[in-house]
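Numbering (the numbering used here), first residue to last: -6 to 282.
Beneath this line is the structure, given in structure tokens, with notes to follow.
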């Protein structure tokens, strides 16, 4: 029997088992996920490996075809791997690279475990402020940032008197009412005055003939309209690119930076601690010194 025939035979046997089991209502090999399906030159393909790789969206006959193809590919790959190990002269180099990759992967997984178990993720306001004061020059603004509210209402404007009244007295209650209004009567609404926005992200939403970056100032209110929409804008706070960004704007970035510093310190301290312990217990041999 040649290799091609063997591949077809093994795959056909497994496909047949699956078809029978599906008719009986019990998944083939489900009771023993470690059961070997096929093997070649000492390498074994187990049921669980195939099962873990079946996409969730594949069902019925499609899943049977997927499994059949998977086994075909696996066997063909194993045949080529055997040929490569016989004919190539770079096995030592490949083994060294594989060992290096294994070590790096082990270190990565172990460091992730240490961080998951030991990293303190709580960041107090005082620590955040200290970090900000020491590093705020590192956060450069690419465009003007601002806190504002805006409504882009559809024309004709529905219940315009109510809209004007709510807009003239902006507070928590009126903002909630405006949010309800916008659900049916506006294309765009920004109604969180505590949130920072960048002009680069907003400018495409406002007609340039009515409003430009240079016009933005704290406390500015503007009402204008084009053919299809009526605009209402109110700016609370504005920071230009040459100014330091406020803590509230860089807060998330600062927290990530603090946690990154903690991770580095945690891992370095752990390495030193383990090294000193192994050295003290004379498990390390320093030769030719």
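Idealized CB from N, CA, C, for every residue including glycine.
On the CB-based measure, 16 or more other CB atoms within 10 Å of its CB, does residue 137 come out buried or exposed?
buried
Determine the extent of the beta strand (DSSP E) in which residue 183 is found, giving its start and end residues.
179 to 183
With DSSP as the reference, label residue 145 as helix, strand or coil.
strand
Going by CA-CA distance only, name the one from 255, 222 and 271 that's closest to residue 109.
255
Alpha carbon to alpha carbon, what distance is there between residue 80 and residue 297?
The shown model of the chain, from -6 to 282, leaves out residue 297, and the question about it has no answer.
Strand pairing of residue 230, partner residues [DSSP]
140
For the alpha helix (DSSP H) containing residue 243, name the first residue and the last one.
240 to 273
Tell me the DSSP secondary structure of residue 84 in three-state form.
helix
Given residue 210, which residues of its chain have a CB within under 8 Å of its CB, disregarding the five upstream and five downstream residues?
228 and 231
Just the C-alpha distance for residue 242 and residue 216, rounded to the nearest angstrom, thanks.
27 Å
Do residue 173 and residue 225 have their C-beta atoms closer together than 8 Å?
no
Extent of the continuous alpha helix (DSSP H) run through residue 31
First-last for residue 31: 29 to 33, but that is the beta strand (DSSP E), not the alpha helix (DSSP H).
Determine the DSSP secondary structure at residue 152, reduced to helix, strand or coil.
coil
Compute the Euclidean distance between the alpha carbons of residue 84 and residue 78, then round it to the nearest angstrom.
7 Å
When the Cα atoms are used, what is the spatial distance from residue 52 to residue 27?
22 Å
Indicate the three-state DSSP secondary structure (helix, strand or coil) for residue 38 in the structure shown.
strand
Same chain only: Cβ atoms within 8 Å of residue 248, ignoring 5 sequence neighbours per side:
116 and 121
For residue 146, which option in 175, 155, 164 and 58 has the closest C-alpha, if you only look at C-alpha atoms?
175
Starting from residue 194, trace the alpha helix (DSSP H) in both directions and tell me its first and last residue.
192 to 195
Is residue 217 helix, strand or coil when you go by DSSP?
strand
Return the bridge partner residues of residue 224 from the DSSP annotation.
145 and 217
Suppose you measure from the CA of residue 0 to the CA of residue 47; what does that come to, to the nearest Å?
Low local confidence applies: a pLDDT of 49 at residue 0 is under 50, so the model's placement there is unreliable, with the coordinate-based value given in what follows. Looking at the two C-alpha atoms, the distance is approximately 20 Å.
Using three-state DSSP, classify residue 17 as helix, strand or coil.
Unreliable placement is indicated for residue 17, whose pLDDT of 41 sits below 50; no coordinate value is reported for it.
Between residue 132 and the rest of its own chain, which residues show a CB-CB distance below 6 Å, the 5 nearest in sequence each way excluded?
238 and 243
Backbone secondary structure at residue 279 - three-state DSSP
coil
Beta carbon of residue 141 nearer than 8 Å to that of residue 203
no
Just to confirm, are residue 218 and residue 148 a CB contact at a threshold of 8 Å?
yes
Measure from the alpha carbon of residue 234 to the alpha carbon of each residue in 252, 266, 265 and 190, then state which is nearest.
190
Taking the CB atoms as reference points, tell me whether residue 31 and residue 74 lie closer together than 8 Å.
no
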